[in-house]
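Working notes, structure below.
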Amino acid sequence: MGEQNEPWKIDELIAEGYDFLEEQKITKACFIWEKVWEEIKKVLTPEIRSVTELGYSLGDAGNVENWCQDYEMELENAGVEDLSFFKKRITYCREFVKLLPESDPLIIENMKRAEAESLFALGKIDEGEKAFAVLIKEYPNSAFVYIGWADLYWLFRINDKTPCDYEKAEKIYRKALESNVDYREEVIERLKELEKEKEKASRCKSGN
Numbered sequence: 001m002g003e004q005n006e007p008w009k010i011d012e013l014i015a016e017g018y019d020f021l022e023e024q025k026i027t028k029a030c031f032i033w034e035k036v037w038e039e040i041k042k043v044l045t046p047e048i049r050s051v052t053e054l055g056y057s058l059g060d061a062g063n064v065e066n067w068c069q070d071y072e073m074e075l076e077n078a079g080v081e082d083l084s085f086f087k088k089r090i091t092y093c094r095e096f097v098k099l100l101p102e103s104d105p106l107i108i109e110n111m112k113r114a115e116a117e118s119l120f121a122l123g124k125i126d127e128g129e130k131a132f133a134v135l136i137k138e139y140p141n142s143a144f145v146y147i148g149w150a151d152l153y154w155l156f157r158i159n160d161k162t163p164c165d166y167e168k169a170e171k172i173y174r175k176a177l178e179s180n181v182d183y184r185e186e187v188i189e190r191l192k193e194l195e196k197e198k199e200k201a202s203r204c205k206s207g208n
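The sequence shown maps to residues 1 to 208 in this note's numbering.
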């Protein structure tokens, strides 16, 4: 790490990835951005502890702070088509948190949640459960940790190994409300959506 590099090279690769996204070529964008992350790791020094500081060191090449979050999201989108991208997402999120731990707390939280979600996507349910349990302890007032966890049991089931479990999802949502989380209205809205889905599933089973 700490090697000399040209910011324009990183900037150009970031731009190339966005061009592929405009063409709906998500996997190609992710392959290009994987190179970006490798280049970024080369220029990191012990003094750079946040993505904001990284941006300053690169002259804010390609608006790095936004790009780092976009890369995580596009790895998820690519993973829907090819599960191997969830492995890349886990690796990226872990490295980001380790290398840039003083980044905006919300970004760090989102990276950790993305890692936990990706474990579920890969069918590693037990590992995913443990990861979310750790997140709940670390971010007890974050509605989106609870929502992200519960959603995986009905709304966003990517891997068939994850059971459709309305009761478990409801239990997690209600635990969020008991924990006095922020954005309570988001949790309440999810509960309403879940109830509608349960009613629809019940009608289908009864043949009505």
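The beta-carbon is built from N, C-alpha and C at its ideal position, and this holds for glycine as well.
Contact holds between the segment 119-136 and the segment 69-88, because three or more Cβ pairs, one in each stretch, are under 8 Å apart. Just so you know, the alpha carbons of Lys168 and Ser84 end up roughly 27 Å apart. Counting along the chain, the unbroken alpha helix (DSSP H) around Pro105 starts and ends at Pro105 to Ala121.
When Leu194, Pro105 and Leu13 are compared, the shortest CA-CA separation from Glu138 is found for Pro105. Closest in alpha carbon position to Ile90, among Asp70, Leu100 and Arg113, is Arg113. In the structure shown, Ser57 falls within a helical segment according to DSSP collapsed to helix, strand and coil. Here the C-alpha atom of Glu38 lies approximately 37 Å from the C-alpha atom of Val187.
Counting only the Cα atoms, Asp11 lies some 43 Å from Ser179.
Ile108 and Glu72 have their C-alpha atoms roughly 12 Å apart.
A check of alpha carbon separations from Phe144 across Ala201, Lys175, Ile48 and Lys41 identifies Lys175 as the nearest. In this structure, Leu54 keeps its C-beta atom at 8 Å or more from the C-beta atom of Ile32.
The beta carbon of Gly59 is closer than 8 Å to those of Pro7 in its chain, skipping five residues each way along the sequence. Taking C-alpha positions only, Thr27 is separated from Gly17 by approximately 10 Å.
Around the Cβ of Cys164, a 10 Å sphere holds fewer than 16 other Cβ atoms; the residue is exposed. Cβ neighbours of Glu170 within its own chain (closer than 8 Å, five residues either side excluded): Ala150, Leu191 and Leu194. One alpha carbon belongs to Met111, the other to Ser142, and they sit about 14 Å apart. In the structure shown, the three-state DSSP call for Phe156 is coil. Taking the Cβ atoms as the reference, Arg49 lies roughly 4 Å from Glu102, within the contact range of under 8 Å.
When C-alpha distances from Lys25 are compared across Leu100, Val181, Glu74 and Glu47, the shortest belongs to Glu74.
With contacts defined by Cβ atoms closer than 8 Å, Lys161 and Ile125 form a contacting pair.
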